[in-house]
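Chemist: If you read the protein sequences in the order shown, they are chains A and B.
Under numbering that gives the first Met the number 0, the residue at position 343 of the first sequence is numbered 342, and the numbers go up by one with no gaps.
Under numbering that gives the first Met the number 0, the residue at position 96 of the second sequence is numbered 95, and the numbers go up by one with no gaps.
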Amino acid sequence: MTRAARPTALHEGVATLAEAAADFAAARHSPPWLQKLRRSGIAAFERLGFPSTYDEEWRFTNLAPLARSPFSLLPDDVTLAERTAAFELEARLGTIGFSASEPRLSFVNGRLLRRSPGDLTAGVLFECMKDVLATSPERVERALVARAAERDHSEHFFGSLGDAFLDEGVVLHVPANTSVTEPLFILHVSTPAGRAGAPSMVHTRNLFTFEENSSATVIEAYFGAGAPSFTNARTEVDLGRNARLHHIKLQLEGPEAFHVGHLSVAHAVGATSASHVFSFGGRLVRNEIAMDLAGEGAGTELYGLFCANSGQHVDCHTLIDHVSPRANSVELYKGVLDGTGRGVFDGKIVVRPGAVRTDARQTNRNLILSDSALVDSKPQLEIHNNDVRCSHGSTTGRLDADAVFYLRSRGLSPEAARALLTYAFGSELIEKVGSADVRAFLEGHLRAWLPANLAAPENR
Amino acid sequence: MNLLEITNLHASIEEDGHEILKGIDLVIRPGEVHALMGPNGSGKSTLAHVLSGRPGYVVTQGSARFLGMDLLAMPAEMRAREGIFLAFQYPVEIPGVSNTYFLRTAVNTVRKHRGQPELDAIDFLALLDEKAKLVEMEETLLNRSVNEGFSGGEKKRNEVLQMAVLDPKLAILDETDSGLDIDALRVAASGVNALRDGARGMLVITHYQRLLDYIIPDFVHVLSDGKIVKSGDKNLAKELEAKGYSWIEKEPPATASAVAGAAAR
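1. Is residue 168 (chain B) helix, strand or coil by DSSP?
2. Reducing DSSP to helix, strand and coil, say where residue 116 (chain B) ends up.
3. On the CB-based measure, 16 or more other CB atoms within 10 Å of its CB, does residue 316 (chain A) come out buried or exposed?
4. Which residue from A:226, A:132 and A:42 puts its Cα closest to that of residue 88 (chain A)?
5. Look at the alpha carbon of residue 388 (chain A) and the alpha carbon of residue 376 (chain A), and state the distance between them as a whole number of angstroms.
6. Would you give the residue range spanned by the beta strand (DSSP E) that residue 345 (chain A) belongs to?
7. From this set, A:288, A:322, A:306 and A:311, which residue's C-alpha is nearest residue 296 (chain A)'s C-alpha?
8. Please decide whether residue 165 (chain B) counts as near chain A, where near means a Cβ-Cβ distance under 8 Å.
9. What number of angstroms, rounded off, separates the C-alpha of residue 13 (chain A) from the C-alpha of residue 89 (chain B)?
10. Can you list the residues of chain A that residue 93 (chain B) reaches, using a CB-CB cut of under 9 Å?
11. Assuming residue 501 (chain A) is part of the beta strand (DSSP E), what are its boundary residues?
12. Is there at least one Cβ from chain A nearer than 8 Å to residue 80 (chain B)'s Cβ?
13. Name, going along the chain, the residues of the segment 34 to 62 of chain A whose beta-carbon falls closer than 7 Å to a beta-carbon of chain B.
14. For residue 46 (chain A), count neighbouring C-beta atoms within 10 Å of its own C-beta (all shown protein chains included) and say buried if the count is 16 or more, exposed if not.
15. Should residue 12 (chain B) be flagged as near chain A, meaning a C-beta pair shorter than 8 Å?
16. Does any C-beta atom of chain A lie closer than 8 Å to the C-beta of residue 240 (chain B)?
17. Comparing alpha-carbon positions, which option in B:100, B:133, B:112 and B:132 lies nearest residue 119 (chain B)?
18. Taking just the CA atoms, how far does residue 24 (chain B) sit from residue 5 (chain B)?
19. Keeping to the same chain, check which residues put their C-beta closer than 8 Å to that of residue 236 (chain B); ignore five residues upstream and five downstream.
20. Per the contact definition of three or more C-beta pairs closer than 8 Å, is the segment 157 to 174 of chain A in contact with the segment 117 to 125 of chain A?
21. If you compare alpha carbons, which of B:187, B:72 and B:32 is closest to residue 134 (chain B)?
22. Taking a cut of 9 Å between CB atoms, which residues from the segment 169 to 184 of chain B lie near chain A?
23. How many whole angstroms separate the CB atoms of residue 172 (chain B) and residue 204 (chain B), which I take to be in contact at a CB cut-off of 8 Å?
24. What residues in the segment 62 to 91 of chain B bring their beta carbon closer than 9 Å to a beta carbon of chain A?
25. Tell me, please, whether the CB atom of residue 410 (chain A) is closer than 8 Å to any CB atom in chain B?
26. So residue 426 (chain A) contacts chain B; which residues on that side make the cut at Cβ distance below 8 Å?
27. Name the chain A residues that come within less than 9 Å of residue 161 (chain B), Cβ to Cβ?
28. Short of 6 Å in beta carbon distance, which residues of its chain neighbour residue 302 (chain A), apart from the five on each side in sequence? Order them along the chain.
29. Closer than 7 Å by beta-carbon distance: list the chain A residues that pair up with residue 51 (chain B), in chain order.
30. Under a three-way DSSP split, which group does residue 172 (chain A) fall into?
31. Classify residue 100 (chain B) as helix, strand or coil using the three-state DSSP reduction.
32. Using a C-beta cutoff of 8 Å, does residue 105 (chain B) count as contacting chain A?
33. Using 8 Å as the cut-off, can you tell me whether the segment 153 to 160 of chain A makes contact with the segment 186 to 200 of chain A, which would need three or more C-beta pairs spanning the two stretches below that distance?
34. Whose C-beta lies closer than 6 Å to the C-beta of residue 439 (chain A) among residues of the same chain, with five residues either side of it excluded?
35. Can you name the residues of chain A whose CB is closer than 8 Å to the CB of residue 38 (chain B)?
36. Is the shortest distance between the beta-carbon of residue 139 (chain B) and the beta-carbons of chain A less than 8 Å?
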């Protein structure tokens, strides 16, 4: 491939997206600030263009396959085919399938499929972005405009793309001193659209506000019914003083999916967050996390398990910004790469001059199961003061041959031995999840992902 | 039928072609306990590895038959399923896999191979509970990851526990005494003794006579430079302890037929 070829593909993709965005914006009746936000989103992503691999942040992930693939925004009405496919998929989710007691918002190809209030704690607002924009847009105006303004400085292509198509998603508000006991579930299903035209693209925006001393668990799940799709998902969170967020992201859209996800969390004094990412591959997947530890004594834990098989690319990008004193961060990401699968871990920890007494620990461990699998690991520490305790480590290797032999010497086949050891490698991250239902689902899914079947798990 | 019949076995390290075993002859019949002694580097552990199918060795000559089957043609897991058990000198730690889950997977794999029904969780736990008592294994160790953070003694007891649960026809104990204090040694040895049942064969590999005070062998063989140079009964071990390995190394090597004769006695 010549040096010029990639930028061309990236450039053509942008023009198509800009047209679609302009059509979309023209069709929506929106308040002036929102029209402006969409317009500046279009202008920004057109100006920026798809990032190329010359961009340091995208060095290991070539977006040309995404830029070259045509995707279309589906009309607002959900077809019967979409509805049926989505319900069928949801019925197969086992322990994380639909339950009447759990607050859940389900979307199919980006549009609302079902609103299930469940036993929602009093005072908590858990709503569709589209409803809020239609009925009381002033409630989200400030947050959305402020975030878009930040993006102008950070030059974020997918963020601007999200602004251009801003329409649907979830707005969550947790009032002060409120602990939400039931996990709040946001389910996205991509299915074949059931009509002519290019596969669907979805731009979804979640906006969470936690007032002081509040806490909640949010599960964002992205599933696919096997069709090609492009999902651009952004979740922006403001945590008030001493607020606590548990965030679980499940990305299981299938091998044909393009997925770019971004979670950013602003932490006030004493606020803490835990992020768990489980990414089981796709044609091209990027999971970005940006933790802004602005408040003194804030803390964050980042856990991730990413798995990629042949023809798949999963890129995990994390940024932890230690701004204020006495903040803690712990990060553990593990990759499992099989076949010709490719993985990326790029984890940056910045410790600002004022962030004294910072405690930051980062670990990335990757397991390579085949000769053609590849992972790029780029841990980065940027420390601007001396009063810190920081560590980082990255290892990439194969299964321990001694362990494989040990299991074989007890009668396990080489395949079963490899599967058991791979499962054990990944299950460390599943065990860190608080929800037993999510753990049970992930245990089953990881086992199914493995090269050979394992015996029943009940005695692990 | 002989349990194990090793004839003129030669084996080298795959990586550099260095020959370690230089013509081993050994017969083990059902119920017999054989001790294999020898100085460091004589090839004791290599023999254990070659018999269990560990990768990294090449057999250049000779044969090993297990219950009449060509052992060397079988992959490691088939040897285990057919009834060979190796208690490791250095048991491997496997983070993330609970001891109980691992054992149940192994037991059911072996049972399936033997045409026996798989054990459900309740039956398996009953079996495990019974066998754990043999080696005085605490329940907490059963629920921890395999060997992870176990003391030296706990790891060796865990090996004997696995042996008890898997019920092999031939057990090979590779320096089970190494790194054990006298109390741990006694516990491990009494576990092994409880598994002597007149049918199970054992090959007990050790550097020191000490272990053989607890596991009394029927036969003792001395390995030196890849060959069995002397065979005898339990008194040979005592003689070795008194005179040291230099005593053996000075003697001319025994002939293959003399060794086979001693073993078959």
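Beta carbons are placed, not taken as given, at the ideal position from N, Cα and C, and that holds for glycine.
All values derive from a computational prediction rather than experimental measurement.
Modeler: Answer, in terms of the structure:
1. coil
2. coil
3. buried
4. A:226
5. 22 Å
6. 341 to 350
7. A:322
8. yes
9. 59 Å
10. 399, 402, 405, 406, 419, 420 and 423
11. Look at the range of chain A in this structure, 0 to 459, and you will see that residue 501 (chain A) is not part of it.
12. yes
13. none
14. exposed
15. no
16. no
17. B:100
18. 5 Å
19. 34, 36, 208, 211, 216 and 219
20. yes
21. B:187
22. none
23. 6 Å
24. 74, 75, 76, 77, 78, 79, 80, 83, 84, 85, 87, 89, 90 and 91
25. yes
26. 95
27. 409
28. 275, 331, 428 and 431
29. 408
30. strand
31. helix
32. yes
33. no
34. 94
35. Here the premise fails: no neighbours, minimum Cβ distance about 25 Å.
36. no
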